[in-house]
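Undergrad: Below is the structure I would like to discuss, written out as structure tokens.
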Amino acid sequence: MKAVPFFEHGPVDVLQYCEFPDPVAGKGQVIVDVEYCGVNHLDIWTRIGISGKKIKLPHICGCDIVGTAKGQRVMVYPGFSCGKCKYCQSGHENLCSEFAIIGGMSDWNGGYAEKVAVPVRNVITIPKTLKSETAVTLAVSYLVAWNMLKANGADKGKTILVYGATSGVGMATIQLGKALGARVITTVSNGKKREFAEKLCPHHIIDRTSQNIADEVKKVIPAGVDIVIDHVGAATWPTSIAALRQGGRLAVCGMTSGNDAMVPVRMFYTKQIVMTGAQLGTNAQLQELIRFIVRKKIKPVIDSIYSLKDAKQAQSKMEANLHLGKILLKCK
Ligand SMILES: [Zn+2]
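Plus 1 on top of the position in the sequence shown (first one is 1) and you've got our numbering.
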């Protein structure tokens, strides 16, 4: 098959479009013929490598997978877990000590390929009314946004701040939060991104290059927001804490700006902030999300579709932060 593995960690040039051995389905696994694979920041982290975390090389990235298996149009829940521990048995498989993401920093090859082997229990049939181009955006950024919104009670009347309207988690939080009845404030860094954000109709848009985010939030919601969805990390934690109301909730799912945050500890405890971490979500949450997306007719915005052989350009665009919405690879 054709695939885009990397044989060593490094910059985007380590991605190689080439012939690669077809995957073989092990016990309890099935082969998916990949139609589309979504590009996520996780792919870039995986390709660069995380110090102290070793994976088997060569490795194929790609966790947002849609294709066909046994004649059915399917998508893949990308979380792998032991299936036996108390967390797996109680439907909290993303807490499993063996939890790994297919196509992420794990020994599971992902969807930058014409075929991928995945556990049968991870395969979800796509409803007829859901387009493949929508389904392929859901299993990573939309799922983690859904997980954080549900875990933090984002429903009617709640107020939310999410950074980066044009990012996967940003767009997902705006669309899902609004559909749940919440008011969502978001940030952008230039006029083009503001135009994009306006189409998603958030409650308020802040230009982070010329405005102080926490001050702007307080102008719109003087007490501060109920929930901050933070996928940025070190650069935004102090702002997140400042923008929250007393007793507000900080939901964290990423660290695109860095791992080591300086936090105003006194403000954190005097405001009695509750903090939650999220890694992906569960298979059941993904299925719940799919039903919600269909029912609310939510359409994630696609920035661009690259052919599999152009995976390098696709990742470069994301790395340069030039994308407005989701980037997809067409794999066949
Ligand atoms: Zn387990």
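A virtual CB, placed ideally from N, CA and C, is assigned to each residue, including glycine.
State the CB to CB distance for the pair residue 233 and residue 258, rounded to an integer number of angstroms; the pair is presumed to be in contact (CB under 8 Å).
TA: Their Cβ separation, rounded to whole angstroms, is 5 Å, which keeps residue 233 and residue 258 in contact under 8 Å.
Undergrad: In angstroms with no decimal places, state the Cα-to-Cα distance between residue 230 and residue 252.
TA: So the two alpha carbons sit approximately 5 Å from each other.
Undergrad: Put residue 220 into one of helix, strand or coil per three-state DSSP.
TA: Three-state DSSP puts residue 220 in a helix.
Undergrad: Under 5 Å, CB to any heavy atom of ligand 1. Which residues pass, going along the chain?
TA: With the cut-off at 5 Å, the residues found are 82, 83, 86, 89 and 97.
Undergrad: Under 8 Å Cβ to Cβ from residue 96, same chain only, skipping five residues before and after it: list those, please.
TA: For residue 96, where only same-chain residues beyond five positions count, the Cβ hits under 8 Å are 88.
Undergrad: Hey, out of 94, 69, 165 and 150, whose CA is closest to residue 159's CA?
TA: Per the Cα distances, 150.
Undergrad: Roughly how many angstroms lie between the CA atoms of residue 245 and residue 201, to the nearest whole one?
TA: Taking the straight line from one Cα to the other gives about 23 Å.
Undergrad: Tell me, to the nearest whole angstrom, how far the beta carbon of residue 145 is from that of residue 281; I am working on the premise that it is less than 8 Å.
TA: Contact flag correct, Cβ pair sits at about 6 Å.
Undergrad: Between residue 173 and the rest of its own chain, which residues show a CB-CB distance below 6 Å, the 5 nearest in sequence each way excluded?
TA: Excluding positions up to five away in sequence, the list reads 142, 143 and 146.
Undergrad: By a C-beta neighbour count over all protein chains shown, 10 Å radius and 16 as the cutoff for buried, is residue 47 buried or exposed?
TA: Buried is the call here.
Undergrad: Among the candidates 8, 101, 12 and 82, whose CA atom is the shortest distance from the CA of residue 60?
TA: Of 8, 101, 12 and 82, the residue nearest in Cα terms is 8.
Undergrad: I need the straight-line Cα distance from residue 125 to residue 101, nearest angstrom please.
TA: Each residue's Cα considered, the two are about 18 Å apart.
Undergrad: Let me know the secondary structure DSSP gives residue 247 once reduced to three states.
TA: The answer is strand: DSSP assigns residue 247 an E or B state.
Undergrad: Relative to the alpha-carbon of residue 228, which residue among 330, 83, 11 and 272 has its alpha-carbon at the smallest distance?
TA: Measuring from the Cα of residue 228, the nearest candidate turns out to be 272.
Undergrad: Quick check: residue 166 and residue 194, are their CB atoms within less than 8 Å of each other?
TA: In contact: residue 166 and residue 194 (Cβ atoms closer than 8 Å).
Undergrad: Let me know if residue 316 comes out buried or exposed under the rule of 16 or more other beta-carbons within 10 Å of its beta-carbon.
TA: Residue 316 should be labelled buried.
Undergrad: Please name the residue or residues paired with residue 256 in a DSSP beta bridge.
TA: Answer is none; residue 256 lacks a bridge partner.
Undergrad: Do the segment 112-125 and the segment 181-190 make contact, defined as three or more Cβ pairs closer than 8 Å?
TA: Taking 8 Å as the limit for Cβ pairs, the verdict is that the segment 181-190 does not touch the segment 112-125.
Undergrad: If you count every other CB in all the chains shown that lies within 10 Å of the CB of residue 44, and 16 or more means buried, which is it?
TA: When all chains shown are included, residue 44 counts as buried.
Undergrad: Looking only at its chain, what residues have a beta carbon closer than 7 Å to the beta carbon of residue 108, apart from the 5 residues adjacent to it on each side?
TA: Excluding positions up to five away in sequence, the list reads 56 and 57.
Undergrad: Report the option in 260, 278 and 307 whose CA atom is closest to the CA atom of residue 250.
TA: Residue 278 is the option with its Cα nearest to residue 250.
Undergrad: Taking only the alpha-carbon atoms, compute the straight-line gap between residue 261 and residue 235 and give it to the nearest angstrom.
TA: The straight-line gap from Cα to Cα measures roughly 6 Å.
Undergrad: Thinking C-beta only, is residue 295 closer than 8 Å to residue 131?
TA: Yes, Cβ-Cβ distance for residue 131 and residue 295 is below 8 Å.
Undergrad: Using the Cα positions of residue 334 and residue 112, report the straight-line distance between them to the nearest angstrom.
TA: Because the chain spans 2 through 333 in this model, residue 334 falls outside it and cannot be assessed.
Undergrad: In chain order, what residues of the same chain lie with their CB nearer than 6 Å to the CB of residue 324, ignoring the 5 residues before and after it?
TA: Only 304 and 318 meet the Cβ criterion.
Undergrad: Check each candidate in 329, 3 and 82 and name the one with the smallest Cα separation from residue 302.
TA: The shortest C-alpha separation from residue 302 is found at 329.
Undergrad: Name the residue from 190, 267 and 5 whose alpha carbon lies nearest to the alpha carbon of residue 114.
TA: That would be 5, whose Cα lies nearest to the Cα of residue 114.
Undergrad: So, is residue 24 buried or exposed, given that buried needs 16 or more other C-beta atoms within 10 angstroms?
TA: Its Cβ being crowded by 16 or more others within 10 Å, residue 24 is buried.
Undergrad: Kindly indicate which residue of 320, 84, 241 and 66 has the alpha-carbon position closest to the one of residue 78.
TA: Closest option to residue 78, Cα to Cα, is 66.
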